[in-house]
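Asks: Residues 32 to 619 (my numbering) are what the sequence shown spells out, left to right.
Here it is, the structure in full.
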Amino acid sequence: MKRLKNRIWLLAILLFVGFTTCIYAPFEMYLNNADSFWFDITHFWWIPLVCGGFAMLAGAMLGCFFKGKILLAYEGALFGFGFAAYIQGNFLNLDVGLMDGTQILWENYQGRFLWNGAVWCLCIFLCPFLMVKVKEKAEKSIGYGACMLTAMQAVALIALLAPNLLRLGQADNIGYLSERDVYHVNREENILVFVLDMFDDVYLDEILKLEPELAKELDGFTQYTNITGNYSTTQYSILSLASGKYCFNETGWMEWRKEIGEERLYLDEFRDNGFEVGIYLQEEFVPDRLKKQASNYEEAPLRINHYKDFTIDLYRLVTCRYFPDFVKPYMWMDGSELERWKEPDSEYGVWSTENFDFHDGLNENGVTADLKKRQIKLIHLNGSHPPYNMDEYCNRTWAGEVTPVQCGRGALRILQKYMEELKREGVYDQTSIIITADHGYYYAGVLTNPALLIKGKGERGELRYSDVPVSQSDLPATMLDLGNLECDGYGTSIYNVGEHEERHRKFYQYYLKQKGPNGNCRLIEYEIDDASNEYESFHLTDVEYTWDGKKQQHSPGCKLCQAGGPTQQQLEEYTPPRVVHEQQNGEY
32 MKRLKNRIWL
42 LAILLFVGFT
52 TCIYAPFEMY
62 LNNADSFWFD
72 ITHFWWIPLV
82 CGGFAMLAGA
92 MLGCFFKGKI
102 LLAYEGALFG
112 FGFAAYIQGN
122 FLNLDVGLMD
132 GTQILWENYQ
142 GRFLWNGAVW
152 CLCIFLCPFL
162 MVKVKEKAEK
172 SIGYGACMLT
182 AMQAVALIAL
192 LAPNLLRLGQ
202 ADNIGYLSER
212 DVYHVNREEN
222 ILVFVLDMFD
232 DVYLDEILKL
242 EPELAKELDG
252 FTQYTNITGN
262 YSTTQYSILS
272 LASGKYCFNE
282 TGWMEWRKEI
292 GEERLYLDEF
302 RDNGFEVGIY
312 LQEEFVPDRL
322 KKQASNYEEA
332 PLRINHYKDF
342 TIDLYRLVTC
352 RYFPDFVKPY
362 MWMDGSELER
372 WKEPDSEYGV
382 WSTENFDFHD
392 GLNENGVTAD
402 LKKRQIKLIH
412 LNGSHPPYNM
422 DEYCNRTWAG
432 EVTPVQCGRG
442 ALRILQKYME
452 ELKREGVYDQ
462 TSIIITADHG
472 YYYAGVLTNP
482 ALLIKGKGER
492 GELRYSDVPV
502 SQSDLPATML
512 DLGNLECDGY
522 GTSIYNVGEH
532 EERHRKFYQY
542 YLKQKGPNGN
552 CRLIEYEIDD
562 ASNEYESFHL
572 TDVEYTWDGK
582 KQQHSPGCKL
592 CQAGGPTQQQ
602 LEEYTPPRVV
612 HEQQNGEY
């Protein structure tokens, strides 16, 4: 007891430091910004209490080893640290804007870092100096000060908590596209559309060259070797595939998604004709109306799925506000970190495009033909997209150890497993299957195409090939055709394209580094020759669309065009053709 009594001020100081940095700080940051977070205080209230308790206990245990001047210096350093954190969080915090991913020019704050660091050094070193020099009077003064500051923060915390009491336990449900029924089909009719991210037409050709026996295993399929995409990356491609619409930057990205969701779309035809529509896509690319009408749409409260990682990110926020300014560049967050640790409190998880998640679920559940309604499912998987962490046998690898072709082969093997399950259930002949990609390989403006394999209902036999000029924009009408539904008004079914038909296929390239604040990218229009989808068949039209929706014409006086166009060397260097034109005209 005497030993404890001799350390009563140490306990008061530890209570102040632990309460300030571990308890008050996270609660204060949350309660002042509750509308910005997805989680309710009931999700995490115990985390600061546990962390604060452990911090105080660790400090007390360490203090048991000190006595005399060393104990006084220890108490002074603790109080100095706690006091510096208190004034930093309440009075000295550097406001550099919202954590929304905007790049911060930290070099503009070097002077601030110096004087702010000096304040911290003064607090941490002056308090131990006074404790050792003035001893008992300083210890009592600092102890009483610690108690007073702790009490002040406790009252402030209660005042912050009071307006939020009515919200406790009332966090809104989240609506999301779930994994429900992805392994369940109907006995009479199914249309399955597998979208393998970045599964390039060239990758499929390479796989078939390496494994010619695969042609027999792709039972009933036709490979369309002259396919062109709509867009160059996922942002526009998935939304275009889900809606059957093109975007020309008429409005901002989010507004465009909302507007097309209010129109009648090809998936509505399926729903009105007795099909259930399962949408297993990244939901940020799906219009809200389509999402809410999907058969796998769920609403559920949220929960934290990784408490350790959530706690680390929570205290990263604390560090950014309550610690010296010079640590901000190392702890700064883009605002999305805490989003990673949310999941619905439901038996059905959020749909994941991760190949391994789908493969594990398939191995665990198999495929069951027990759904009452006819089915159409749009299923987006990782395919050949980085990180290349799956080999051709579906084994997990380190990123970079395999090629995109091997990764694509692994994804295709998963789909073969799914098809084997359909055969086992006796519904393969009742199922139409499309295997494609949202886009081909993408890098700095390279012009590429998605792969396309289609098996109609009842089709069997070794892989066939077709070189008719088709486009990704033909897929909505093709799906309707596969379901024996009217496809007029939704484009042209691939089955209605003639072998030598003149198509005028369009492709829209864009550059992620030229994205506007409204989420749009600069779109550059190409037309592709009907004869093939080779790189040389892409030709610039005279049209492009700026991110803010301005339609621009290519200069009729282009020096490069007058000289015969890009050279073969320029094409082989994969410099985006529009950039080549601009460089030659001195406009880039």
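For each residue, glycine too, the CB sits at the ideal point set by N, CA and C.
In its own chain, which residues sit with a C-beta less than 7 angstroms from the C-beta of T434, not counting the 5 before and 5 after it?
Replies: Contacts found: Y419.
Asks: With 16 other CB atoms within 10 Å as the buried threshold, where does H74 fall?
Replies: When all chains shown are included, H74 counts as buried.
Asks: Hey, how far is the Cα of I44 from the Cα of Y105?
Replies: Looking at the two C-alpha atoms, the distance is approximately 10 angstroms.
Asks: For N121, tell me which candidate among K98, K164, T51, I335 has the shortest Cα-Cα distance.
Replies: When only C-alpha atoms are compared, the closest one is T51.
Asks: Who does M421 pair with in a DSSP beta bridge?
Replies: R427, per the DSSP bridge assignment.
Asks: For K33, collect the residues of the same chain with a Cβ closer than 7 angstroms to its Cβ; drop the 5 residues on either side in sequence, then sort them by chain order.
Replies: Here the model assigns K33 a pLDDT of 46, short of 50, so the residue's position is not dependable, and the following value carries that caveat. Answer for K33: no residue qualifies.
Asks: Looking at the structure shown, is G206 part of a helix, part of a strand, or coil, going by DSSP?
Replies: The answer is strand: DSSP assigns G206 an E or B state.
Asks: For a quick check, are the C-beta atoms of N257 and V574 less than 9 angstroms apart?
Replies: Going by C-beta atoms, N257 is not nearer than 9 angstroms to V574.
Asks: Could you work out which residue in Q141, K546, W429 is closest to V358 when comparing CA atoms only?
Replies: Looking at the Cα atoms, Q141 is the closest of the given residues.
Asks: Under 7 angstroms Cβ to Cβ from L80, same chain only, skipping five residues before and after it: list those, please.
Replies: Hits under 7 angstroms: I54.
Asks: Just the C-alpha distance for P159 and C152, rounded to the nearest angstrom, thanks.
Replies: Cα to Cα, the separation comes out at about 11 angstroms.
Asks: Give a yes or no on whether the C-beta atoms belonging to G529 and L513 are separated by under 9 angstroms.
Replies: Result no, Cβ atoms of G529 and L513 do not sit closer than 9 angstroms.
Asks: Would you grab the beta carbon distance between Y207 and V436 for me? Rounded to a whole angstrom, and I think it's under 8 angstroms.
Replies: The Cβ separation is near 33 angstroms, so there is no contact.
Asks: According to DSSP, which residues form a beta bridge with A331?
Replies: Its beta-bridge partners are I205.
Asks: Pull the bridge partners of Y262 from the DSSP assignment, please.
Replies: The partner list for Y262 (beta bridge, DSSP) reads Y539.
Asks: I'd like the list of long-range same chain contacts for I335, defined as Cβ closer than 6 angstroms, with 5 residues on each side in sequence excluded.
Replies: These residues qualify, in order along the chain: H74, F341, W372.
Asks: Can the beta-carbon of L102 be found closer than 9 angstroms to that of G90?
Replies: No, Cβ-Cβ distance for L102 and G90 is not below 9 angstroms.
Asks: Run the CB neighbour count on R295, radius 10 Å, all protein chains shown included, and call it buried at 16 or more, exposed below.
Replies: Flag for R295 reads exposed.
Asks: Grab me the residues of T253's own chain with a C-beta within less than 6 angstroms of its C-beta, minus the 5 sequence neighbours each way, in chain order.
Replies: Within the same chain, T253 has close Cβ partners I485, R495, S497.
Asks: Contact between the segment 446 to 462 and the segment 383 to 400: three or more CB pairs below 8 angstroms?
Replies: At 8 angstroms Cβ cutoff, the stretches touch.
Asks: Is V226 close to chain D? Criterion is C-beta to C-beta, closer than 9 angstroms.
Replies: Of the protein chains in the structure, only one exists, and it is not chain D.
Asks: Spatial neighbours of S568 within its chain, please: C-beta separation below 8 angstroms, excluding the five flanking residues on both sides.
Replies: Cβ neighbours of S568 beyond the five flanking positions: I559, D560, A562.
Asks: Apart from the five residues on each side of it in sequence, which residues of its chain come closer than 6 angstroms, Cβ to Cβ, to Y255?
Replies: Taken in chain order, the residues that qualify are L483, S497, V501.
Asks: Go ahead and label G174 buried or exposed: buried means 16 or more other beta carbons lie within 10 angstroms of its beta carbon, across all protein chains shown.
Replies: That one is buried.
Asks: Nearest CA to the CA of L223: which residue from A508, L321, K408?
Replies: That would be K408, whose Cα lies nearest to the Cα of L223.
Asks: How far does the alpha helix (DSSP H) with D365 in it extend, from its first residue to its last?
Replies: First-last for D365: undefined, no H or E at that position.
Asks: How about M229 and S67: are their beta carbons less than 9 angstroms apart?
Replies: Contact: no.
Asks: Once the 5 residues before and after L42 are set aside, which same chain residues still bring their CB inside 6 angstroms of it?
Replies: Cβ within range, chain order: n/a, list empty.
Asks: Per DSSP, T462 is paired with what?
Replies: T462 is bridged to N221.
Asks: Anyone know if the C-beta pair for T264 and N564 falls short of 9 angstroms?
Replies: No, the Cβ-Cβ distance between T264 and N564 is not below 9 angstroms.
Asks: Rounded to a whole number of angstroms, what is the C-alpha to C-alpha distance between T598 and Y541?
Replies: Roughly 22 angstroms separates the two Cα atoms.
Asks: Could you say if the segment 339 to 356 and the segment 305 to 317 meet the contact criterion of at least three C-beta pairs nearer than 8 angstroms?
Replies: No: the two stretches stay apart, fewer than three of their Cβ pairs being nearer than 8 angstroms.
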